[in-house]
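These notes are about the structure you will find just below.
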Amino acid sequence: MLYTKIHFLNPKQVNKFKESYNDLPKNDYVDSFVIADCLRFGRINKKVYIGDYHYKALQNLTQARCFAVCNLTKKKQRFPDPDAVAKAIQKAARSSYRLPKTVNDSVNQVLSISITSMKALESQIKAFDKAIAAQMELLPNVLISIPGIGPVFSAEIMAEIGDIHRFDNQAALAKYAGLAWTQHQSGNFGAQTTRLIKSSNRFLKYYLCEAAFSLVRCDKAYNAFYHLKYKEVNRYQHKRALALTAYKFVRLVFALLKDNHLYRPAE
1 MLYTKIHFLN
11 PKQVNKFKES
21 YNDLPKNDYV
31 DSFVIADCLR
41 FGRINKKVYI
51 GDYHYKALQN
61 LTQARCFAVC
71 NLTKKKQRFP
81 DPDAVAKAIQ
91 KAARSSYRLP
101 KTVNDSVNQV
111 LSISITSMKA
121 LESQIKAFDK
131 AIAAQMELLP
141 NVLISIPGIG
151 PVFSAEIMAE
161 IGDIHRFDNQ
171 AALAKYAGLA
181 WTQHQSGNFG
191 AQTTRLIKSS
201 NRFLKYYLCE
211 AAFSLVRCDK
221 AYNAFYHLKY
231 KEVNRYQHKR
241 ALALTAYKFV
251 RLVFALLKDN
261 HLYRPAE
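Quick note: the sequence shown uses my numbering, first residue 1, plus one each step.
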């Protein structure tokens, strides 16, 4: 396999570094100066990402599929059952005041276009699934052995993680996915409620949370853990319980990918 070593420089980090200077203008020369000065101070991530083109190809497919699914979900939320909606409107139209032809035509066009769009998105998702399955044949997939984690979830998670060996431990992987909490402490005060960090891989965070919730429905241990965390607080129960369950799931994902072995449920 071909590997490429890439050093990442976080633009957010550079922008914060620039704020330490007073009244700097915004132009190409100043931007280059600030980046160079940031590097001179050693403000660069020393870790090296070893990227495999198979993971990148898989990532292109899974992210495109994610956008298609999100678009389909939005349309279905607007018209949960477009065929039933169309029949209901037609029935109401026959037994009520007849709409002007222009308005009636526009309603029919909206429904027709929405139905066609949803069918097209469903067709795209099937095509993505087929392409993803073909790409996954080139990679070892141990995550599919986890109950509730099918070929789609496992492919999406692996695509965003890439080579697992670039993470020193499960905490580093969780932080990369945004499943880490900020600290708010001063003196003897320590905030009981803190937020998840904002800098993260939003795709991986979404996939892990969705997969963790699927695991809650299929695994007794994860189901018990989720409901235990759900009952601990009175606010944001589901979000908190799901985030903590996803963090627990990260430990499992890291262990399986690191050791390259199948999931064995606890007896």
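Every residue, glycine too, gets a C-beta built ideally from N, C-alpha and C. Since this is a predicted model, take the numbers as computed values, not measurements.
- Membership of Asp23 in any alpha helix (DSSP H) is not indicated, and neither H nor E is assigned to it by DSSP.
- In this structure, the beta-carbon distance from Leu215 to Phe254 does not fall below 9 Å.
- Taken through DSSP and simplified to helix, strand or coil, Leu121 comes out as helix.
- For Leu58, same chain residues with a beta-carbon under 8 Å away, outside a window of 5 residues either side, are Ile132, Gln135, Met136, Leu139, Ala155, Met158, Ala159 in chain order.
- The beta-bridge partner set that DSSP reports for Leu196 consists of Trp181.
- Distance from the CA of Tyr21 to the CA of Ala180, rounded to the nearest whole angstrom, comes to 30 Å.
- Within the same chain, and ignoring the five residues on either side of Ser145 in sequence, the residues whose Cβ sits closer than 7 Å to its Cβ are Leu262, Tyr263.
- Take the alpha-carbon of His238 and the one of Tyr230: they are about 6 Å apart.
- Cα atoms of His54 and Pro151: separation of roughly 16 Å, rounded to the nearest angstrom.
- In this chain, the alpha helix (DSSP H) harbouring Pro151 covers 151-161.
- Nearest to Gln13 by C-alpha distance, out of Asp37, Pro25, Leu72, is Asp37.
- Going by DSSP, His238 is part of the alpha helix (DSSP H) stretching over 237-259.
- Secondary structure at Tyr230: helix, using DSSP grouped into helix, strand and coil.
- Cβ neighbours of Leu143 within its own chain (closer than 7 Å, five residues either side excluded): Ile149, Ser154, Ile157, Met158, Val253, Leu256.
- Close CB contacts of Leu61 within its chain, under the 7 Å cut and outside five residues either way in sequence, are with Phe128, Ala131, Ile132, Gln135 (chain order).
- The C-alpha of Asn108 is placed about 45 Å away from the C-alpha of Leu196.
- Residues of the same chain with a CB within less than 6 Å of the CB of Ala212, apart from the 5 flanking positions on each side, are Thr245, Ala246, Phe249 in chain order.
- Here Cys209 is buried. Its C-beta has 16 or more other C-beta atoms within 10 Å.
- Going by beta carbons, Val30 and Leu39 fall outside the 9 Å limit.
- By the beta-carbon neighbour count (other beta carbons within 10 angstroms, threshold 16), Ala224 is exposed.
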